[in-house]
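**Q**
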Amino acid sequence: MLCKYKTKFAWSLMAMTLSTLAYSKPVPLPDPGIQGYRFPEKKNTLMHWINAPTFKNTRSIHLHGWGLWTSLTTASGETEFGLANVPVYLTWLSPSEIRDLPKVVQGLENGAQPVRTFAIDRARQHTHRFKENTPPAAPAPSKISIADSSEKPDTNIYVTMGYNPAAQAFATANNLFSLAALQKFYDEGTGDIRSIPTFPINAVATKPTYKVIRQASLLKGSVYAMPAWPGTPAVTPAIQKNGFPESDWPGCVYINTRNLGATQNSSIDANCKVGPKPGNTYGLGDFIYYPITTANQTQFQLLTKDKALAAGDIVVLMAMHVTSREIDEWTWQTYFWTPNPAHPPLPSSSTIAQSRPAKLKGAAAHYAMAIGYQMVAPNQAITGGKSVGRPVTVYNPYLESDFSANVFDAPPENIGIYNPATNKTFKATTGVQSNCMTCHSSATIVPSDPNQQTNALPYLSNFYVSRDNPSYKGYLLLDFLWSIQGTAK
Ligand code: HEC
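Set out below in structure tokens:
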């Protein structure tokens, strides 16, 4: 038994106060009306798809991921950040906003007008477990210059997080962002394996990731350039040492910021030497994007920590991680913008793209998906399984590709994945080989230690980890959500 605490599902008083005061209105996932998709899906159905991986069942998993994406990107009818009718996911509060809600509500009662912040987390993943408690450095500039100029594609990336209303209510009811409350869960537990109560099956968390187009730094006054993802690289000693960050990607993609519509384009400038040409230059309508206006300028300045950001600049959605508690080890899928969505590069594939439902339309249909609801294939039991079979590699080019071997550590020891068919052991050492579920299985905290660099187990790459791994002794398991470790105070 991982958890024997009584869990509270009731909406807190705070949520009621919030809706009355209209600070934000988080919208639950709508039903997109896709045949074969529903949310939450039954755990037994999902486990059957995972454990009996026929062509049809694997397609059902892919469709489930696309169904989540369709409903996350559906227009919510709500206004957030001064923008009308934003996508559903953008109405969700971030973990730090949820943690700070009591203060916000109090301010509102006193007549204050606090603005929602976009609450950026600049990829704290990279600094975790590093000795100095320094904020992560800005990403390296690209090594490539664009077509006979000194301009470089923009390697900056901005990471946010969101909890759906069910996850928010559960986190609030159980006070999960309080170190004292986490300590209480630890103290009330028994044995070596102790956990927070587990989230309800309809809990969803996201990690939306953006680029910011600054009018001040456009090519020829109107063209934005960013690195183009070339697909999963072969792992070299250089990639083990430095990861494969955007600054090393060889190609460019361009956006003509004067074109608000969509294009039919599908190519990239493979070495940035051609420059912006019709085939490789996209319209803003090919992206989910948000204009920065005088109304939301302050919020986006907070997001980018850049006071120079001005009305007229544009925030573009590049990627999003999504996890849901429909199964005990959560479902894991990730999306990234891609030039040719019918034939995206690894870690996505044309096969995954083939399951896209007709209901997925417009800019949201310009994104690729990578997906994996298991650590190894064939799937193993949650406890007592073996790290054997084939690896299930799932990562996002914009979020994990720059993880070098330094990011990963032990315990639990990286035992690799032994394949009895080939008699070989696969050993992942970098982000471009990683698996979401493996790394999130280590989401833990020692609540008595407020130092985020030292109070959790290290990050793992890609192998099978049993839910009763002996390394968990002395740690509180966080039901796979790392954001609790990063947000709790
Ligand atoms: C190397 C470890 C690692 C890997 C691999 C990883 N994550 Fe995470 N993830 C984190 C950490 C740490 C956070 C907390 C936010 C932060 O610090 O940036 C996080 C946050 C998240 C969140 C926000 C909610 C939460 O607390 O979990 C989601 C959703 C998420 N990741 C999904 C994914 C998906 C999907 C994948 C695979 C495509 C993935 N992650 C791969 C470490 C990892």
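All the letters of the sequence shown, read from the start, carry residue numbers -24 to -1, 1 to 465 under mature numbering (1 follows the signal peptide of the UniProt record, and there is no 0).
No residue lacks a Cβ here, since even glycine has one placed at the ideal position from N, Cα and C.
Using three-state DSSP, classify L293 as helix, strand or coil.
**A** Of the three classes helix, strand and coil, the one that applies to L293 here is strand, per DSSP.
**Q** By how many angstroms is the C-alpha of S324 removed from the C-alpha of Q461?
**A** 29 Å
**Q** Just list the residues that DSSP pairs I358 with in beta bridges.
**A** Its beta-bridge partners do not exist; DSSP assigns none.
**Q** Are G219 and S380 close, meaning C-beta to C-beta below 8 Å?
**A** If you check the CB distance, G219 and S380 come in under 8 Å.
**Q** Counting pairs of beta carbons, one from the region 303 to 315 and one from the region 377 to 392, are three or more of them closer than 8 Å?
**A** The region 303 to 315 vs the region 377 to 392: no contact.
**Q** Whose C-beta lies closer than 6 Å to the C-beta of F15 among residues of the same chain, with five residues either side of it excluded?
**A** L5
**Q** Can you list, in chain order, the residues of its chain whose CB lies under 6 Å from that of F57, leaving out five sequence neighbours each side?
**A** N272, Q275
**Q** Could you compute how far the alpha carbon of H24 sits from the alpha carbon of V62?
**A** 35 Å
**Q** Could you compute how far the alpha carbon of S417 sits from the alpha carbon of P373?
**A** Those two C-alpha atoms are separated by around 21 Å.
**Q** Taking the alpha-carbon of I1 as reference, which of F456, G165, A318, Q144 has the nearest alpha-carbon?
**A** Residue 1 is actually Lys in this sequence, not Ile. Comparing Cα-Cα distances from K1 to each of F456, G165, A318, Q144, the minimum goes to Q144.
**Q** What residue range is occupied by the uninterrupted alpha helix (DSSP H) comprising Y162?
**A** For Y162, the enclosing alpha helix (DSSP H) has its first and last residue at 155 to 164.
**Q** Compare the C-alpha of I231 against each of L195, A419, E222 and name the closest.
**A** Per the Cα distances, L195.
**Q** Is the closest heavy atom of ligand 1 to the C-beta of A346 under 7 Å?
**A** yes
**Q** Hey, would you say the C-beta of K183 is under 7 Å away from at least one heavy atom of ligand 1?
**A** yes
**Q** With H, G and I counted as helix, E and B as strand and the rest as coil, what does DSSP make of D282?
**A** coil
**Q** For the region 325 to 353, list the beta strand (DSSP E) runs that are entirely contained and at least 3 residues long, ordered along the chain.
**A** 343 to 347
**Q** Please work out which residues of its chain come closer than 7 Å, Cβ to Cβ, to L454, disregarding the five sequence neighbours upstream and downstream, and give them in chain order.
**A** I172, A419, T420, I421, I460, Q461
**Q** If you check the beta carbons only, do residue 466 and P333 fall under 8 Å apart?
**A** The structure shown does not extend to residue 466, since the chain is modelled only from -24 through 465, so no value can be given for it.
**Q** Output yes or no for whether 8 Å exceeds the beta carbon distance between S437 and N395.
**A** With contacts defined as CB atoms closer than 8 Å, S437 and N395 fail to qualify as a contacting pair.
**Q** Determine the direct distance from the alpha carbon of I215 to that of K187, and round the result to whole angstroms.
**A** 24 Å
**Q** Give the DSSP-derived three-state secondary structure of L66 in the structure shown.
**A** helix
**Q** Could you check the C-alpha separation between Y265 and E164 for me, to the nearest Å?
**A** Computed Cα separation, rounded: 46 Å.
**Q** Taking all protein chains shown into account, decide if E108 is buried (16 or more other Cβ within 10 angstroms of its Cβ) or exposed.
**A** Since pLDDT at E108 reaches only 37, below the 50 mark, its modelled position is unreliable, and the value read off the structure follows with that caveat. Under this definition E108 is an exposed residue.
**Q** Just mark Q240 as buried or exposed, buried being the case when its beta carbon has 16 or more other beta carbons within 10 Å.
**A** exposed
**Q** Use the C-beta contact count for E85: other C-beta atoms within 10 angstroms, 16 or more gives buried, fewer gives exposed.
**A** exposed
**Q** CB I347 to CB P367, shorter than 8 Å?
**A** P367 is positioned such that its CB atom lies no closer than 8 Å to that of I347.
**Q** Given 7 Å as the limit, tell me if T369 has its C-beta closer than that to any heavy atom belonging to ligand 1.
**A** T369 Cβ: outside cutoff for every heavy atom of ligand 1.
**Q** Just to confirm, does H38 get its C-beta within under 7 Å of one of the non-hydrogen atoms of ligand 1?
**A** no
**Q** Grab me the residues of P141's own chain with a C-beta within less than 7 Å of its C-beta, minus the 5 sequence neighbours each way, in chain order.
**A** P2, P4
**Q** For the region 421 to 435 and the region 353 to 368, state whether three or more C-beta atom pairs, one from each stretch, are separated by less than 8 Å.
**A** no
**Q** Rounded to whole angstroms, what is the Cα-Cα separation between Q101 and T405?
**A** In this prediction, Q101 scores a pLDDT of 48, lower than 50, which makes its location untrustworthy; the coordinate-derived value is nonetheless stated afterwards. One C-alpha to the other measures close to 15 Å.
**Q** Provide the residue span of the alpha helix (DSSP H) that contains W306, from first to last.
**A** Note, W306: premise wrong, no alpha helix (DSSP H); not H, not E.
**Q** Can E376 be considered in contact with ligand 1, in the sense that its beta carbon sits closer than 7 Å to one or more heavy atoms?
**A** Yes; taking the cut-off as 7 Å, the Cβ of E376 has a heavy atom of ligand 1 nearer than that.
**Q** Per DSSP, K465 is paired with what?
**A** Looking at the DSSP assignment, K465 forms no beta bridge with any residue, so it has no partner.
**Q** Under 7 Å from any heavy atom of ligand 1, does the C-beta of T118 make it?
**A** One detail in the question is off: residue 118 reads as Ser in this sequence, not Thr. No, the beta carbon of S118 sits no closer than 7 Å to any heavy atom of ligand 1.
**Q** Under 7 Å: does the beta carbon of Q309 sit that close to some heavy atom of ligand 1?
**A** yes
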